[in-house]
Amino acid sequence: MQLGILYGISVGTGDPELITVKGLRILQAADIVTFPQGIGNKPGVAQQIISQWLKPQQITIPLNFPYVRDQDILESAWQKAAEIVGKYLRQSKNVAFACEGDVSFYSTFTYLAATLKKLYPEAVIETIPGVCSPTAAASELQIPLTVRDERLTILPAIYTMTELETALDSAEVVVLLKVSSVYQQVWQILKKRGLLESSWVVEKATCRDRKIYQNLQSHPHLQLSYFSLLLIRVLE
Ligand SMILES: C[S@@+](CC[C@H](N)C(=O)[O-])C[C@H]1O[C@@H](n2cnc3c(N)ncnc32)[C@H](O)[C@@H]1O
Numbered sequence: 040m041q042l043g044i045l046y047g048i049s050v051g052t053g054d055p056e057l058i059t060v061k062g063l064r065i066l067q068a069a070d071i072v073t074f075p076q077g078i079g080n081k082p083g084v085a086q087q088i089i090s091q092w093l094k095p096q097q098i099t100i101p102l103n104f105p106y107v108r109d110q111d112i113l114e115s116a117w118q119k120a121a122e123i124v125g126k127y128l129r130q131s132k133n134v135a136f137a138c139e140g141d142v143s144f145y146s147t148f149t150y151l152a153a154t155l156k157k158l159y160p161e162a163v164i165e166t167i168p169g170v171c172s173p174t175a176a177a178s179e180l181q182i183p184l185t186v187r188d189e190r191l192t193i194l195p196a197i198y199t200m201t202e203l204e205t206a207l208d209s210a211e212v213v214v215l216l217k218v219s220s221v222y223q224q225v226w227q228i229l230k231k232r233g234l235l236e237s238s239w240v241v242e243k244a245t246c247r248d249r250k251i252y253q254n255l256q257s258h259p260h261l262q263l264s265y266f267s268l269l270l271i272r273v274l275e
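Letter by letter, the sequence shown follows residues 40 to 275 in our numbering.
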């Protein structure tokens, strides 16, 4: 019997209408819809984004991807998730995985897909591109992300401030993901370099409760959600 197909679908950063026409068509046609499990008893972000698009007959399955850095714990979670998905593919059912933002941009889907391929080398996996957080944030700010020959550096997480200093030395536009835990140290560097007025924080871009912080001079301390990024224009 032929295996079903696993689709990684980009569902955008919050506004349900940011899914592509293709992504929506494939999402609604899938037998099984999976997404990263939320924290506690809350629905996950991708699940919330797609809930209005799902059909009553579709089976939804949250997959557990723990927010830890321990490789053994992560690999065992990917293995378990791939086994769950594999079980349905073996029944010739198509499985959609809903990914917040874009599926190729720092997404858990990459690990799920790689683990599934190890278990089922013959499995067919397709990804549907979409809107990622830096472009969504630029849209919220009503500014272009980049123009002309500007260089863009994206730091997915900052573990040392030297990484940030190096990025500021070499690019015109710098986007910091996962900025919530290091915001105060970043703020000090932006202050030292006179960049507070050309930096913005966008929290929950394109969500109903999104917030924008500009002129960071007056925001030395911010308690930000995980879904926040900081955009710096180095040449202003
Ligand atoms: C693991 S990455 C996932 C990126 C996602 N796949 C995307 O396409 O943007 C998570 C980080 O992306 C950023 N992010 C994701 N969604 C966001 C949103 N709606 N608003 C602001 N930042 C967001 C945050 O910096 C967050 O810590």
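Idealized CB from N, CA, C, for every residue including glycine. Owing to the predicted nature of the structure, the values given are computational and were not obtained by experimental measurement.
Per DSSP, the unbroken beta strand (DSSP E) holding Y252 starts and ends at K250 to Y252. L191 has V212 as its beta-bridge partners, per DSSP. For L268 against V241, the beta-carbon gap comes to about 6 Å, under 8 Å, which counts as contact. Shortest Cα-Cα distance from V212 to any of T185, A137 and Q97 involves T185. Under the 10 Å beta carbon count, E161 is surrounded by fewer than 16 other beta carbons and is classified as exposed. The beta carbon of R129 sits closer than 7 Å to those of L42, all from its chain and outside the five residues before and after it, given in chain order. Comparing alpha carbon positions, the residue from D109, G140, R64 and A152 closest to I123 is A152.
Counting along the chain, I98 sits inside the beta strand (DSSP E) bounded by residues I98 to L102. For P259, DSSP records no beta bridge to any residue. Residue S220 holds the alpha-carbon nearest to the alpha-carbon of Y198 among A177, L180, R190 and S220. Contact between L93 and A120 does not hold, since the beta-carbon distance rounds to 19 Å and is not under 8 Å.
F136 sits in a strand when the DSSP states are folded into three classes.
Contact check for P183 against V214 fails: the beta carbons are separated by 7 Å or more.
Secondary structure note for F74: it is in no alpha helix (DSSP H), and the uninterrupted beta strand (DSSP E) holding it is I71 to P75.
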